[in-house]
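Beneath this line is the structure, given in structure tokens, with notes to follow.
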Amino acid sequence: LVFDYQGISTAATYCVPAVIQRSKLPPKRGPFGGVVEAPRLPPFNERSRYMVQGVLRGMLSAVASAHEAGIVHRSLGRNSFILSSVGQDKREATSPYAVVIPRLRVILSDWGFSATLQEAVQEKELGVRSKLFGIPAVDSYENQRSNDDRIDVAAGQFAMAEDLNALGFVYLGLLFATLANPATLSAPMPPTDDDSWQRLFSDIFNKDMGAFRDYCTNEDVWDEVVELLDREEGAGWNLLGELLLARERLGEAFTEDEERQFGSAKD
């Protein structure tokens, strides 16, 4: 068997402000042996386009392909996505100068905890988590007395929604780390690890996207990122909300459907 080598650079490798990535590049020498300063970074619009239309779209497409094939990943994180290049130097994809989308390849990896949807919905742990969002477990009494497959379908959708929620936090890390613009190389950065994002979004701001956005606007280092997400009437924030709140919105839709079914039965 022959496999195409994709390199070892992941989204975690890329989760560093571009100005810091640039400062850590190996020095290059000019024709007379003197050290030559690294070129200036590409404009923010070019880098953000590569991020959104290349990296983030590639990630969402990879997860969607898995779900369409009936597989849930169940352990998505920054290290789950290999960022590779069609070129010989696979590190090109995570370079602070990378802006050419057709040269990028996004590969979803680390399938050790993955499962088919049929396998996932039968696990008791999934039922325990789905109950927190108003969706009964597959082995629940409600499902046993049900005369349709709505609970089974919702359980599968919940398993996929967990992947989308995890993907949302990967997006946050990439956007607010890679595209951040610290004033100096030594300037302190707000924490951008997954645990900090989850604590901020869930515990401190109670999953309120408006309050979460207000927090982000108070950090000068994220001014350009906030402006990017604000474009097209807040389309970026809306996408983040769809991912981060995928489980909540699925639970709300299931509850509304249950109420309609109950109302129809009474009539």
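For the sequence shown, the working numbering assigns the number 2 to the initial residue and increments by one for each residue that follows.
Note that CB positions come from ideal geometry on N, CA and C, so glycine has one too.
Thinking C-alpha only, which one of 215, 38, 23 is nearest residue 30? Numbered from 1 along the sequence shown, position 29 holds the residue referred to as residue 30. Nearest of 215, 38, 23 to residue 30, Cα basis: 38.
What are the uninterrupted segments assigned as alpha helix (DSSP H) that are 4 or more residues long and contained completely in the region 161–229, given in chain order? 195–199, 210–218
Report the rounded CA-to-CA distance for residue 274 versus residue 84, giving the unit in angstroms. Since the first and last residues shown for the chain are 2 and 268, residue 274 lies out of range.
Where the beta strand (DSSP E) through residue 105 begins and ends: In the sequence shown, counting from the first residue as 1, residue 105 sits at position 104. 105–109 is the extent of the beta strand (DSSP E) around residue 105.
Going by DSSP, which residues form a beta bridge with residue 72? As a working note, residue 72 is residue 71 in the sequence shown. 117, per the DSSP bridge assignment.
Spatial neighbours of residue 160 in its chain, beta-carbon cut-off 7 angstroms, leaving aside the 5 residues before and after: In the sequence shown, counting from the first residue as 1, residue 160 sits at position 159. Hits under 7 angstroms: 73, 118, 121, 122, 127.
Excluding sequence positions up to five away, which residues of its chain have a Cβ less than 7 angstroms from the Cβ of residue 24? To locate residue 24, count along the sequence shown from 1; it is residue 23. So the qualifying residues of the chain are 186.
Going by alpha carbons, who is nearest to residue 1 out of 90, 221, 56, 100? Residue numbering for the chain in the displayed model covers 2 to 268; residue 1 lies beyond these limits and cannot be assessed.
State whether the region 45–63 contacts the region 202–219, with contact taken as three or more CB pairs (one from each stretch) at a distance under 8 angstroms. no
Spatial distance of residue 87 from residue 169 (CA atoms): As a working note, residue 87 is residue 86 in the sequence shown. As a working note, residue 169 is residue 168 in the sequence shown. When rounded, the distance between both Cα atoms is 26 angstroms.
Within the continuous beta strand (DSSP E) that includes residue 83, where are the two ends? Within the sequence shown, the letter at position 82 stands for residue 83. Unbroken beta strand (DSSP E) run through residue 83: 82–86.
Alpha carbon to alpha carbon, how far is residue 226 from residue 140? For the purposes of this step, residue 226 is taken as residue 225 along the sequence shown, with counting starting at 1. For the purposes of this step, residue 140 is taken as residue 139 along the sequence shown, with counting starting at 1. Distance between the alpha carbons of residue 226 and residue 140: 44 angstroms.
Would you kindly work out how many angstroms separate the C-alpha atoms of residue 133 and residue 145, rounded to a whole number? For the purposes of this step, residue 133 is identified with residue 132 of the sequence shown, where counting begins at 1. For the purposes of this step, residue 145 is identified with residue 144 of the sequence shown, where counting begins at 1. One C-alpha to the other measures close to 19 angstroms.
Three-state secondary structure (DSSP) of residue 101: On the sequence shown, residue 101 is found 100 positions in, with the first residue counted as 1. In the structure shown, residue 101 adopts coil according to DSSP, grouped into three states.
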